[in-house]
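Written below as structure tokens is the structure these notes are about.
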């Protein structure tokens, strides 16, 4: 078995999920310069809403990707409503407050959502229903599963779609204009509040898809699952250059691959002194290195394209 | 013209505008009546409150006192984007383009307010949305041609020469289809030739049916171009009228030259 290739495949899959979540961080940051720490919790809610829906359908004996798709289709509007609500209640009133205030508000929302989820879904790890046969395919000396292929395809399409919306549509132009200079955008007739709300809407929709995919991939859901995932995705966004769409995508993929290569090789390289459980450490060390050497991130430059 | 029998229609009516920052009165009881289809000049020494008045008119600041009406519609409590929708657009003393976007994209942002396609149709790339996008692009290109920088359409805004950036700001403002175009020192930093070209452009804009409000330090440009001129000093309106009478007004001369007013 080709360990290297296998870890790269696993890394790309994991990284594409990070990237999808990172897009939400980076778009919101680009437009209102707020690190939306509640974003990971939106992913969690998406995963758990999806889980409930999929469980309900699976209990009738239905299986297959259609079931997952229905889970996604219910999770998306749920998360969009949640994202819009968070923006309206926790961030918009603080738009002109010092920057620390919305940050604290974000952390508050994050904790509140975790506890709410714990009340609804309980505190135990929930088993994500098995509705897929998940065949495996061999490429080179490695294995790729159907779930992994679907994740890569879905995230790829969504990232492309996001990029197209931002770069090629009137909405995207208004987003980029608002990101560069909200007050001038307003004077040119752009309703910046509406654009910000739409940005949250898009980010939350992506988070919903990411949530269900994460649940399907790892097979579990829990009210705390958004925390680490959110932190990693945020790391990915910073790694790539926060505010940059391409950066979030690149940062996510890179982080996933590094983490998985770490998990695959740390043990053998260090003769077992440091095990694969240190892969998170590797990921965050990488972040520190990038921040020291290139504070604006890999693709972020001064005055680069923000959204 | 039969001015006696057809009372001038005033596009913008500002009544008793006051704006205070702490104890400082940046604007004090300023009233303006800007006739339709005119070029209206706003002059005054540095710190007289000209830009503050612009900011109040375009909704960046909210007036502490007074009322603003455009074509009879009250704008006193409107947000900048609503005011833009009602028909006031502006440029800035220090250029504020969307520097990372291309020239044509800058103009298309200005057009945003006059379009209807929402996110869903944008995602689905509906034919109506695609048609609107094409219409927007043609319109934006037309405006770039109009201000004379059509050949720069696909250049990144911040890489354009200074004078062209000023023109691009005008094109972007025109894209919102304003009734009133407010220009904050459009000739700042321009040489005589560029200023003369700008003057011709402003005449062209006026001829297209847009009313212009102009803050300008270049007195020659103001006097040559404007139909009426208002003079601000320390936040107060000290003179208003046709350029020639304003020019000879002793209070204006005193304000500019610093002599004791008689």
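Protein chains in written order, with this note's numbering: chain A, 1 to 307; chain B, 1001 to 1262.
The beta carbon of each residue, even a glycine, is placed where N, CA and C say it ideally should be.
Residue 1192 of chain B (DSSP reduced to helix, strand or coil): helix
The segment 194-209 of chain A contacting the segment 69-79 of chain A, beta-carbon criterion three pairs below 8 Å: yes
Cutoff 8 Å: residue 1112 of chain B Cβ touching any chain A Cβ: yes
Local Cβ density within 10 Å of residue 1242 of chain B, reported as buried at 16 or more and exposed below that: exposed
Beta-carbon proximity check, residue 225 of chain A vs residue 112 of chain A, cutoff 8 Å: no
Sub-8 Å separation of residue 1153 of chain B and residue 1160 of chain B beta-carbons: Going by C-beta atoms, residue 1153 of chain B is not nearer than 8 Å to residue 1160 of chain B.
Residue 60 of chain A classed as buried or exposed, judged by whether at least 16 other C-beta atoms fall within 10 angstroms: exposed
CA-to-CA distance, residue 266 of chain A to residue 135 of chain A, given in whole angstroms: 29 Å
Chain-ordered neighbours of residue 1133 of chain B on chain A, where CB pairs are closer than 9 Å: 168, 169 and 170
Distance between residue 85 of chain A and residue 116 of chain A (C-alpha atoms, nearest Å): Distance between residue 116 of chain A and residue 85 of chain A, taken at the CA atoms: about 15 Å.
Among B:1182, B:1111, B:1199 and B:1247, the one whose alpha carbon lies nearest that of residue 171 of chain A: B:1111
Option nearest residue 1034 of chain B by Cα separation, candidates B:1068, B:1023 and B:1102: B:1068
Contact list for residue 1080 of chain B against chain A, beta-carbon separation under 8 Å: 183, 186 and 187
Where residue 1138 of chain B falls, given that 16 or more other Cβ within 10 Å makes a residue buried: exposed
Pairwise C-alpha distance: residue 34 of chain A and residue 99 of chain A: 8 Å
Where the alpha helix (DSSP H) containing residue 1233 of chain B begins and where it ends: Segment 1228-1233 is the beta strand (DSSP E) holding residue 1233 of chain B; no alpha helix (DSSP H) there.
Check: residue 170 of chain A C-beta below 7 Å from any heavy atom of the ligand NAD: The ligand NAD is not part of the structure shown, which contains no ligands of any sort.
Residue burial classification, residue 122 of chain A (beta-carbon count within 10 angstroms, cutoff 16): exposed
Minimum Cβ-Cβ distance from residue 296 of chain A to chain B less than 8 Å: no
One or two residues paired with residue 142 of chain A in a DSSP bridge: A:139
DSSP-derived helix/strand/coil call for residue 1001 of chain B: In this prediction, residue 1001 of chain B scores a pLDDT of 44, lower than 50, which makes its location untrustworthy; the coordinate-derived value is nonetheless stated afterwards. In this structure, residue 1001 of chain B counts as coil in the three-state DSSP scheme.
Runs of alpha helix (DSSP H) wholly within the segment 203-268 of chain A (minimum 4 residues, chain order): 225-240
Cβ-based contacts, 7 Å cut-off: residues of the segment 79-102 of chain A near chain B: none
Amino acids of chain B, ordered along the chain, whose beta-carbon sits closer than 8 Å to that of residue 190 of chain A: 1081, 1109, 1112 and 1113
Residue 173 of chain A at chain B interface by Cβ criterion, 8 Å: yes
Contacting residues, own chain, Cβ-Cβ under 7 Å from residue 1166 of chain B (five flanking each side not counted): 1095 and 1186
Cβ-Cβ separation, residue 1088 of chain B to residue 1157 of chain B (assumed contact under 8 Å), whole Å: Not quite, the Cβ-Cβ distance comes to about 22 Å (not below 8 Å), so this is no contact.
Segment limits, beta strand (DSSP E) that includes residue 1040 of chain B: Taken as a continuous stretch (DSSP letters only), the beta strand (DSSP E) holding residue 1040 of chain B covers 1039-1043.
Proximity winner among A:247, A:243, A:245 and A:276, relative to residue 259 of chain A (alpha-carbon distances): A:276
Residue 1021 of chain B in three-state terms, based on DSSP: In the three-state reduction of the DSSP assignment, residue 1021 of chain B falls in the strand class, which pools E and B.
Residue closest to residue 1109 of chain B, alpha-carbon to alpha-carbon, out of A:192, A:110 and A:279: A:192
Cβ shell of residue 1223 of chain B (< 7 Å), same chain only, five flanking positions each side left out: 1243 and 1247
Candidates A:40, A:141, A:36 and A:29: closest to residue 90 of chain A by CA position: A:36
Under the three-state DSSP convention, the category residue 155 of chain A falls into: helix
Residue 197 of chain A versus residue 158 of chain A - alpha carbon distance: 19 Å
Local conformation of residue 62 of chain A per DSSP, three classes: coil
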